Structures are given as structure tokens and as C-alpha cells.
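A.B. asks: If you scroll down you'll find the structure; I have some questions about it.
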Amino acid sequence: MYSAFEKLPEEKKQRILRICMEEFSNNGYANTSTDTITNRAGISKGILFHYFKNKKNLYFYIVEYASELLSRKLLGATKKATSTDYFERIKEVAVLKQKVQWEYIVETKLVANALLHSPLEIKTELSEIIQRSTNAYKEHEKNMENNYKKYLEDQLNKGMLKEGLSPEKIIQLTTYILKQLSDKYLYLIETQQLDIKDLYDKVIPEMDEYIHMMKYGIYKEQH
């Protein structure tokens, strides 16, 4: 369907992809101008529509490209985690994921906006595209969660955790907290309130603080 575009020299193709991702990421589907895209890319609108037929097809192609790229990068990064302790492992995975999201912040924002802010008439089709293009990473995440659950069940059986705690709830809690931290720092970088080079000096201590609270609680034990 997009063979004419796929046959372009790689450098030209990547330049068009980058410009499209930036425009759709910054402006959303409805407010992105194909005139701006073609002006920046140095091509005519006729050529752009020769490649993609219409704006909707262009958007679907760009979102699928970004989703597949992020999925591939996230899969490769999180497989590098080596920690065996649950909390250290989940922190390591969170940091590795954040590193990918920060490195590919335009793609991250594009996919998030596609899921959250796309017009209703294309939302279902977009969700299916993103789901399909991220299947490999989602399966990897599911396997990681199963491994976390087995580890926590083992710790529970050994008396290392408080009785009555649910491994599923522990995973949900830690995942939720670390995701909120990730979203917070992505926003600070995106709005230029934080330089990416200072990121790890900020995020690691805050992660450690929350993990310490989760591991050891808040109140002192009453005797």
C-alpha cells in the first residue's frame, strides 16, 4: 500500500517520518497541517498524497511506525535487567523503560496522544493498530509480571512478607507509583523544566524513597 514511500532512499524517508512525527506529536491529528509537513520536508502535497493517499492514512502509518519502534526499543532495553530482588528489579526495569521514552520522547508523545486525544471516528482503528504493533512487548511485560508474582509468592511462603498481602496488589501498587513518577519526569523534560542530563540525579533518589516506603511502611510499629 505504501510501496512508493518505502522505496525512497533511507535518509529522505527518515526525514519525512521525523517531520510527520514532530507535527502530529505537537499538534495532534486534527490540528496538524499537511502544508506544514510538505513545506518542512521540501516536497509537494501531491507527492505526499501519492505516498499515503490522504491525511488519515499518513497518520495511521506514522503512529504504527512509532509504536513498532518504541515496542522494539522497550523490549530490547528491559531484557537487559539483571537484578534479582523484586523492588530492585522493578526499579531497574522502570529506569530502562524511562530511558527509552526519554530518548524517543517525540514517538512516546505521539503514541500517547493517538490513544488519548484522537477523534472518535478514527480512535478504534488507531487502538487496533497500536495494539497490533506492540504485541511483542506486551507479551514480554506479561511474562515479567508472572515472574514478579512467582518471586513474591516465594517470599510470602518464606515468611519474608507480611501475612495477608497479595502479590498482585504489590505489583499493581509498585507499577502504579513508578508509572506516575515516569509520567511526571517526562512532563518536566517535555516542558523544559528539567534537562535530560540531570534526570538520573533526580529520578533515582525519588524512586528509592518511594520503594523504601513500600518496603518498610510509613508508621512505626507500636509495641
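Following UniProt numbering, the numbering of the sequence shown begins with 1 at its first residue and continues without gaps. We treat Cβ as the ideally placed atom computed from N, Cα and C, and that holds for glycine. On a predicted model such as this, the values are computed, not experimentally measured, just so you know.
1) Thinking just about the alpha-carbon of each residue, which of T84, Y61, Y29, N31 is nearest to the one in K13?
2) Could you check the C-alpha separation between V106 and T124 for me, to the nearest Å?
3) Taking only the alpha-carbon atoms, compute the straight-line gap between D183 and K202 and give it to the nearest angstrom.
4) Does P119 come out as helix, strand or coil in the three-state DSSP assignment?
5) Per DSSP, what kind of secondary structure is Q101 in: helix, strand or coil?
6) Does the Cβ of Y59 have 16 or more other Cβ atoms within 10 Å, making it buried, or fewer, making it exposed?
7) Evaluate K173 with the Cβ neighbour count: other Cβ atoms within 10 Å of its Cβ, from every protein chain shown; 16 or more gives buried, anything less gives exposed.
8) For H30, which residues in the same chain have their Cβ closer than 7 Å to its Cβ, ignoring the five residues on either side in sequence?
9) Is the number of C-beta pairs between the stretch 94-106 and the stretch 76-84 that are closer than 8 Å three or more?
10) Please report the straight-line C-alpha distance between E23 and Q131, rounded to a whole angstrom.
11) If you draw a straight line from the C-alpha of E68 to the C-alpha of S133, how long is it?
12) Quick check on the DSSP output: the alpha helix (DSSP H) that includes G28 runs from which residue to which?
13) Under 9 Å, do S127 and L115 count as touching if we go by C-beta distance?
14) Rounded to whole angstroms, what is the Cα-Cα separation between S44 and L74?
C.D. replies: In short, the structure shows the following:
1) Nearest in C-alpha terms to K13, of all of T84, Y61, Y29, N31, is Y61.
2) Each residue's alpha carbon lies about 22 Å from the other.
3) Taking the CA atoms as reference points, D183 sits about 14 Å from K202.
4) The three-state secondary structure of P119, taken from DSSP, is coil.
5) Q101 carries a helical assignment under DSSP once its states are collapsed to helix, strand and coil.
6) Of the residues assessed, Y59 falls on the buried side of the cut-off, its CB having 16 or more other CB atoms within 10 angstroms.
7) Before going on, a small fix: residue 173 reads as Leu here, not Lys. Taking all protein chains in view, the Cβ of L173 is surrounded by fewer than 16 other Cβ atoms within 10 Å, so the residue is classified as exposed.
8) The sequence shown places Ala at residue 30, not His. Around A30: P119.
9) Segments in contact, yes.
10) Going by C-alpha positions, E23 is about 23 Å away from Q131.
11) Their backbone Cα atoms lie some 5 Å apart in a straight line.
12) From DSSP, the alpha helix (DSSP H) with G28 extends over 10-31.
13) Remark: C-beta atoms of S127 and L115 approach each other more closely than 9 Å.
14) Cα-Cα distance, rounded: 35 Å.
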